[in-house]
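This report refers to the structure that appears directly beneath it.
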Amino acid sequence: MTHPDVQEEAARLLDRVFAATDFEDTDDAQKTFTHIRSELPRTATGPDGAKLVQKFASLGGAATAESTFMDMIKIIWRTVRLTPGNSLVRIQLFFLAIAGMTVSVLKSPNVADDVLESWLQKVEVWLGRQLTSGGKGCVDGGEGSVGDRIDRFFSTPYLHDFD
1375 MTHPDVQEEA ARLLDRVFAA TDFEDTDDAQ KTFTHIRSEL PRTATGPDGA
1425 KLVQKFASLG GAATAESTFM DMIKIIWRTV RLTPGNSLVR IQLFFLAIAG
1475 MTVSVLKSPN VADDVLESWL QKVEVWLGRQ LTSGGKGCVD GGEGSVGDRI
1525 DRFFSTPYLH DFD
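Numbering-wise, the sequence shown is residues 1375 to 1537 according to this note's numbering.
Shown next, in the form of structure tokens:
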């Protein structure tokens, strides 16, 4: 069973990432992100969701430096992209795993809340750009529907660096 704090953190992160996106079709984007958000509780309690949250929550204590935290985000992406299912389920798993790690870091005395918040802000902007473009190798604003871009996000061989 996934802790409610993780689901709340995943929803908060999803909302903040959505605010950092720049999709041409804002109605499609809003509908897609609303659907993703509404499915978080079901995905969180499913076997893949519970397993990923537990795995990255337990690794969260090791994320005591920004570089480690950012590396963990990419490890989460690599793990989730190999998970069976469609991209909308994968994006839910991705946010839930990040949230599991984030809640773990929040409970740890090793990282101040304001420091973690600054890391999360970088992740939100970075992820907003990733989802808008559809991943590394895509130029300009990306093309296709929001679903197409989420598909590309998980099919691209590697991600842009955090900057």
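Backbone N, C-alpha and C fix where the C-beta goes; we use that ideal spot for every residue, glycine too.
Everything numeric in this text was worked out from a predicted model, so none of it was measured.
| query | Per DSSP, what kind of secondary structure is Met1375 in: helix, strand or coil? | reply | Annotation note: pLDDT 40 at Met1375 (below 50); position unreliable, no value reported.
| Glu1491 to Ile1447 span [Cα, whole Å] | One C-alpha to the other measures close to 15 Å.
| request: Going by CA-CA distance only, name the one from Val1497, Ala1486, Met1444 and Leu1414 that's closest to Leu1470. | output: Distances from the alpha-carbon of Leu1470 to those of Val1497, Ala1486, Met1444 and Leu1414 put Leu1414 closest.
| query | Straight-line CA distance for Val1454 to Phe1468? | reply | Those two C-alpha atoms are separated by around 6 Å.
| How would you label Ala1418, buried or exposed, when you count the other beta carbons within 10 angstroms and need 16 or more for buried? | Buried, because 16 or more other Cβ atoms sit within 10 Å of the Cβ of Ala1418.
| request: For Pro1415, name the three-state secondary structure that DSSP assigns. | output: In the structure shown, Pro1415 sits in a helix (DSSP, three-state: H, G or I).
| message | Less than 8 Å between the C-beta atoms of Ala1518 and Val1380, yes or no? | response | It is Gly, not Ala, that sits at residue 1518 in the sequence shown. Contact flag unset, no.
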